[in-house]
Amino acid sequence: MLILLTNDDGIYAPGLAAMERQLRRLGQVYVVAPATEQSGVAHSITYLKPLTVKEIYRGSQRWGWAVDGSPADCVKIGVDQFCPHRPDLVVSGINLGLNAGINVLYSGTVAAAVEGAFYGITSIAVSLQYDEHADFDKAASLAVQVIEQVLGQKGPGPELYNLNIPTSALRSGRPELRIVPMDVAAHNDRFERRLTPWGRPYYWIIGQPQGPSQEKETDLSALAKGYMTLTPLEYDLTKLTELERMRSWQFELSVEKPLPEDPDAFQPPYLR
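Read in order, the letters of the sequence shown correspond to residues 7 to 278 in my numbering.
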């Protein structure tokens with residue numbers, strides 16, 4: 007099995023190294039990861055400048071490639087340039103910090119897995135609850151156990167998964183996993199206004215804890231109880247129920263005569 011491994015914490019992140027060591031049990035691992043931390047970049051890609059890539063060695067052996075770009079860039083260039091053939095599996099992580107609830111949409115870790123799914127490759131994002139002294143080796147061992155069992159039970163087609171591991175699972179003799187939906191409770195971010203030493207204001211986003219949905223168990227509520235969570239994802243954002251309702255809508259459109267040009271209106275320099 008050929009596995010493409012990436013992350014959003016960067017090529018030197020300990021979670022990436024731990025996952026690489028454990029994934030070797032399943033097959034050949036190619037590491038293509040961002041040169042610097044890319045947390046929170048979601049599914050951004052680089053196209054206004056070229057990507058630079060540096061080979062990373064451990065001793066005399068090449069360990070991976072560091073890409074001056076986003077996690078999605080890493081999957082794109084990894085599939086196209088560095089893997090000897092199309093990977094059988096894309097793994098993104100281990101991320102230091104959970105990627106659950108609405109944060110899935112902001113996550114560079116999850117976006118890398120989504121990019122793998124774009125290629126028709128089974129992909130999984132792996133995240134560990136933040137802990138300054140995180141035991142990445144134990145988390146990677148648990149993650150690879152889950153990955154191996156997912157591959158043994160899933161259908162023949164490619165699938166996309168999001169795996170989250172609370173720190174309490176690492177201390178449990180028998181950690182449990184729940185298959186749950188992603189929580190979509192609203193995020194409660196706010197901005198804190200501060201001043202520089204020169205008195206100029208700046209703003210820092212403050213992440214507020216969000217309560218899990220109450221009606222059903224979700225990734226957030228299960229994680230709060232100490233369970234590992236596994237969520238199948240898809241990237242088609244079409245709201246199918248509304249699409250069907252809209253099929254009967256009627257629109258009447260016309261091309262109106264353009265308004266006369268206002269000589270005093272601002273125009274960007276390239277339009278002058």
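All C-beta atoms, glycine included, are put in the ideal place defined by N, C-alpha and C.
Contact between the segment 132–142 and the segment 159–178 is present: three or more C-beta pairs spanning the two stretches fall below 8 Å. In this structure residue 130 is in contact with residue 153, their Cβ atoms being roughly 6 Å apart against a cut-off of 8 Å. Residue burial annotation: residue 44 is buried, with at least 16 other C-beta atoms found within 10 angstroms of its C-beta.
In this model, residue 19 and residue 156 are separated by some 25 Å (Cα to Cα).
The DSSP-derived three-state label of residue 30 is coil. Contact between the segment 102–116 and the segment 61–73 is absent: fewer than 3 CB-CB pairs across the two stretches fall below 8 Å.
Rounded to whole angstroms, residue 176 and residue 237 show a C-alpha spacing of 19 Å. Here residue 231 is exposed. Its C-beta has fewer than 16 other C-beta atoms within 10 Å.
Contact between the segment 7–17 and the segment 113–128 is established, with three or more Cβ pairs separated by less than 8 Å. Closest by C-alpha distance to residue 104, out of 240, 51 and 140, is 140. For the options 160, 92 and 66, the alpha carbon positioned closest to that of residue 124 is the one of 92.
If one requires a minimum length of 3 residues, the beta strand (DSSP E) runs lying completely within the segment 148–222 are 166–171, 183–185, 196–201 and 207–212, in chain order.
Between residue 96 and residue 122, the C-beta spacing is below 7 Å.
With a threshold of 16 other beta carbon atoms within 10 Å, residue 233 meets it and is buried. For residue 121, the enclosing alpha helix (DSSP H) covers residues 114–124. If only uninterrupted beta strand (DSSP E) runs of at least 3 residues are considered, those enclosed by the segment 60–85 are 67–73.
Secondary structure at residue 20: helix, using DSSP grouped into helix, strand and coil. Contact annotation: residue 146 and residue 28 have beta-carbon atoms nearer than 7 Å.
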